[in-house]
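Report on the following structure.
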Amino acid sequence: MSEPSNGFRLFGLRTEIPRWLSATAGLFTVVASAALWWWTTRGVGEERILLYSQLPSIAETIEYFPNLWEADSPERHLLHNTLVSLKRVILGFGLALLVGIPLGVAAGCFAIIRSILAPLILFGRNIPIAALTALVFALFGTGELEKVMFIFIACVAFILSDTISSIQDVGERYVETALTLGATRLQIVFKVLVPLAMPMVFNSLRVLFGLAFGYIMLVEIIQESGGAGGLGYLLNMARRRSRPEIMVIIILTIPIVAWLIDQVLFVVQCWLFRWKYGREAENSGAFRLSRSILSLFWRPANSNSKAPA
Amino acid sequence: MTANNIVEFRQVTKTFNVGREDEFTAIRDITFAIEDLHGHGEFISVLGPSGSGKSTILRLLAGLEPQHPPTSGQVLVSGVPVLGPGADRGMVFQDYTSFDNRTVLDNVAFGLECRGVSKTERYSKAREWIHRVGLNVASDGGKYPHELSGGMRQRVAIARTLILHPRIILMDEPFGALDPHNRYQMQDLLVTLWREVQATVFFVTHSIEEAVYLGDRVFILSRSPGTILHQIEVPAPVRPAAEMQREAEFQEKVFRIRDILEDLESVKKNQDATVT
Chain C
1 MSEPSNGFRL
11 FGLRTEIPRW
21 LSATAGLFTV
31 VASAALWWWT
41 TRGVGEERIL
51 LYSQLPSIAE
61 TIEYFPNLWE
71 ADSPERHLLH
81 NTLVSLKRVI
91 LGFGLALLVG
101 IPLGVAAGCF
111 AIIRSILAPL
121 ILFGRNIPIA
131 ALTALVFALF
141 GTGELEKVMF
151 IFIACVAFIL
161 SDTISSIQDV
171 GERYVETALT
181 LGATRLQIVF
191 KVLVPLAMPM
201 VFNSLRVLFG
211 LAFGYIMLVE
221 IIQESGGAGG
231 LGYLLNMARR
241 RSRPEIMVII
251 ILTIPIVAWL
261 IDQVLFVVQC
271 WLFRWKYGRE
281 AENSGAFRLS
291 RSILSLFWRP
301 ANSNSKAPA
Chain G
310 MTANNIVEFR
320 QVTKTFNVGR
330 EDEFTAIRDI
340 TFAIEDLHGH
350 GEFISVLGPS
360 GSGKSTILRL
370 LAGLEPQHPP
380 TSGQVLVSGV
390 PVLGPGADRG
400 MVFQDYTSFD
410 NRTVLDNVAF
420 GLECRGVSKT
430 ERYSKAREWI
440 HRVGLNVASD
450 GGKYPHELSG
460 GMRQRVAIAR
470 TLILHPRIIL
480 MDEPFGALDP
490 HNRYQMQDLL
500 VTLWREVQAT
510 VFFVTHSIEE
520 AVYLGDRVFI
530 LSRSPGTILH
540 QIEVPAPVRP
550 AAEMQREAEF
560 QEKVFRIRDI
570 LEDLESVKKN
580 QDATVT
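Sequence order for the protein chains is C and G.
Residue numbers for the first sequence follow the working numbering, beginning at 1 and rising by one.
Residue numbers for the second sequence follow the working numbering, beginning at 310 and rising by one.
Listed below in structure tokens is the structure:
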């Protein structure tokens, strides 16, 4: 079989396809999903395949959207509640980082610390998330502390174990090289193991942060005396007032916010680890955008290195 | 007495997993001495069938676990037993071990940084060594390892080792992954640098040409468990690698050693009696 004249194969094994095709393929899925949504919710009343109470139609959802976007009360405001949820995740996750990364580095370097922490990690990683909501509720009530501690406990064991394995995955050759160059044990930890492991740690943090952002709603739903807000709270309100549109809007909002956060984290990762993501960064639109924005405010002295691709 | 020996192995044996079913003796009863000649470091090439313990000898000298410490016998450097790794015994590995997060300049300066040498001083020394191994300070100094070719990475590894002025340099097939052209270039570079620094070099290789060209002496190890079967003196590398390795006299030496090695590969294990 000969290659198409424009130089790519539709099903080339592990080869790239042109950007326009990639975008079109993605768009196809969006359109197909929307069509399915429209088809199952078309008509009125009992004629619909899925009733309004099961799944509101596209038109109904769009019609309701301003109620959330322009809500007078912050409790019902979509952006406000998203930021409330995000703040809790950032606090809980930040706390988990402060505890998990230093401990993980220590445990990755020294088997004795690893053995001491092993039981905690085993429990932490396997704690049923539903049971954890009950536990933090019992321990900390329904305030902000409960929500932050929920994210902290849910994440810290994963951060710990991922940091440990990233440190352990750094090739022994690097350690041996440093040893024959006269490095002490402490120097090997901070000049070799930690810098070489950090990109891997950061990768798993990106995944975990996305998960944490999905988890936070579990504790926001338990709301005895209103007022605390968050996307989970909004979801609960949707159920109480029988407004299924809110549920659909939140379901559509979460992935977009999660994707935005992931792009921001990826850009941070590229800037932190230029030595590893040189080429990958150049292919990322988000990274190029960040560089353009940055160059408006700050011009490095040696800006002759690389022009945007 | 032996204080005059820069390196000495006294009946060194290394057995792994002692007392277990998979007990394995990598080297047995190795004894040799390298004299400490004033102003001249000897270049020892180490050849042997695969699995004959060539790397074990190097790593025992470097003090790297799990080969270090020996099961029995003594490994002495300047008359003192090796207790662990140190910058007085630099090592260059076959795998590329440049620190990926450091530029060429910071890779070469690593050892000095660990000693607490000031930034200006270690950078100026690093620039000098980057130049001496044939890299361009201005264009290569700021590059990260992923931007370098294999040959360039090994130049960085050599610069990073030699900047610390080790008395002993241990090289474990450093050019094994390079193409022939690059290999000749690196051999010439190594000869030049070695003459300048006058360190004792242990060079493990699979290439007989390389061993004969670079070495003052070639050690030939037996099949596992390795012992030193022959120590052959060879002429010094007085002409460029690509040229000298084509000469008839050189080729003859190579064929002689190849015959010995091929015998070793074919003959059965039990031949401890042939130790010379």
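Heads up, the beta-carbon is just placed ideally off N, CA and C, and yes, glycines get one too.
Collapsed DSSP secondary structure at residue i in the structure displayed
i	result
Thr324 (chain G)	strand
Val389 (chain G)	strand
Phe318 (chain G)	strand
Ile339 (chain G)	strand
Ser303 (chain C)	Below a pLDDT of 50, predicted positions are generally treated as unreliable, and Ser303 (chain C), at 43, falls in that range; the measurement from the model is reported next regardless. Coil at Ser303 (chain C), not helix or strand.
Gln494 (chain G)	helix
His539 (chain G)	strand
Phe8 (chain C)	coil
Val513 (chain G)	strand
Thr334 (chain G)	strand
Gln187 (chain C)	helix
Gln376 (chain G)	coil
Ile529 (chain G)	strand
Val442 (chain G)	coil
His349 (chain G)	strand
Asp488 (chain G)	coil
Ile17 (chain C)	coil
Ile239 (chain C)	One point to set straight first is that residue 239 (chain C) is Arg, not Ile, in the sequence displayed. Correct three-state label for Arg239 (chain C): helix.
Anticipated Cβ contact below 8 Å, residue i with residue j, distance rounded
i	j	result
Val527 (chain G)	Ser354 (chain G)	5 Å
Ile129 (chain C)	Ala154 (chain C)	7 Å
Met217 (chain C)	Gly232 (chain C)	3 Å
Thr163 (chain C)	Val105 (chain C)	6 Å
Pro56 (chain C)	Pro244 (chain C)	5 Å
Gln383 (chain G)	Arg476 (chain G)	Contact flag wrong, Cβ pair sits at about 18 Å.
His539 (chain G)	Ile517 (chain G)	The Cβ separation is near 13 Å, so there is no contact.
Phe93 (chain C)	Ile151 (chain C)	6 Å
Phe352 (chain G)	Leu473 (chain G)	With 8 Å as the limit, Phe352 (chain G) and Leu473 (chain G) do not qualify as a contact, their Cβ atoms being about 19 Å apart.
Ile249 (chain C)	Thr61 (chain C)	6 Å
Pro454 (chain G)	Asp409 (chain G)	5 Å
Val192 (chain C)	Ile101 (chain C)	So it is not a contact: roughly 17 Å between Cβ atoms.
Leu310 (chain C)	Thr40 (chain C)	With chain C running from 1 to 309 in the structure shown, residue 310 (chain C) is simply not present.
Of the residues the options, the one placed nearest residue i, counting alpha carbons only
i	options	result
Pro544 (chain G)	G:Gln554, G:Ile537, G:Gly535	G:Gln554
Val30 (chain C)	C:Ala281, C:Leu272, C:Leu252	C:Leu252
Thr406 (chain G)	G:Val446, G:Lys428, G:Gly459, G:Val426	G:Gly459
Ala350 (chain G)	G:Arg548, G:Leu392, G:Val316	Just to set this straight, residue 350 (chain G) is Gly in the shown sequence, not Ala. Cα-wise, what sits closest to Gly350 (chain G) is G:Val316.
Arg464 (chain G)	G:Pro379, G:Phe402, G:Arg532, G:Ile566	G:Phe402
Val148 (chain C)	C:Ile159, C:Leu196, C:Ala212	C:Ala212
Leu289 (chain C)	C:Arg88, C:Phe266, C:Ile188	C:Phe266
Glu176 (chain C)	G:Gly451, G:Ser533, G:Gln376	G:Gln376
Arg173 (chain C)	G:Phe325, G:Asp404, G:Asn326	G:Asp404
Cys270 (chain C)	C:Ala238, C:Ser204, C:Pro199	C:Pro199
Gly388 (chain G)	G:Thr324, G:Asp345, G:Glu571	G:Asp345
Glu220 (chain C)	C:Lys87, C:Glu63, C:Ala59, C:Trp39	C:Lys87
Check whether residue i and residue j have beta carbons under 8 Å apart
i	j	result
Pro394 (chain G)	Gly360 (chain G)	no
Leu530 (chain G)	Ile541 (chain G)	no
Thr365 (chain G)	Ile336 (chain G)	yes
Phe564 (chain G)	Leu370 (chain G)	no
Leu502 (chain G)	Met495 (chain G)	no
Leu498 (chain G)	Gly443 (chain G)	yes
Gly214 (chain C)	Ile159 (chain C)	no
Arg125 (chain C)	Ser165 (chain C)	no
Leu91 (chain C)	Leu103 (chain C)	no
Gly399 (chain G)	Thr470 (chain G)	yes
Asp262 (chain C)	Gly182 (chain C)	no
Gly420 (chain G)	Ala396 (chain G)	yes
Val426 (chain G)	Gly450 (chain G)	no
Thr334 (chain G)	Thr322 (chain G)	yes
Ala447 (chain G)	Ala435 (chain G)	no
Val521 (chain G)	Ile478 (chain G)	no
Glu146 (chain C)	Val136 (chain C)	yes
Met247 (chain C)	Ala238 (chain C)	yes
Residue burial classification, residue i (beta-carbon count within 10 angstroms, cutoff 16)
i	result
Arg411 (chain G)	buried
Thr514 (chain G)	buried
Thr180 (chain C)	buried
Leu235 (chain C)	buried
Ser85 (chain C)	buried
Ile439 (chain G)	buried
His490 (chain G)	exposed
Asp572 (chain G)	exposed
Val547 (chain G)	exposed
Within chain B, the residues that residue i reaches when beta carbons sit closer than 8 Å
i	result
Thr163 (chain C)	The chain inventory of the structure shown lacks chain B, comprising the protein chains C and G.
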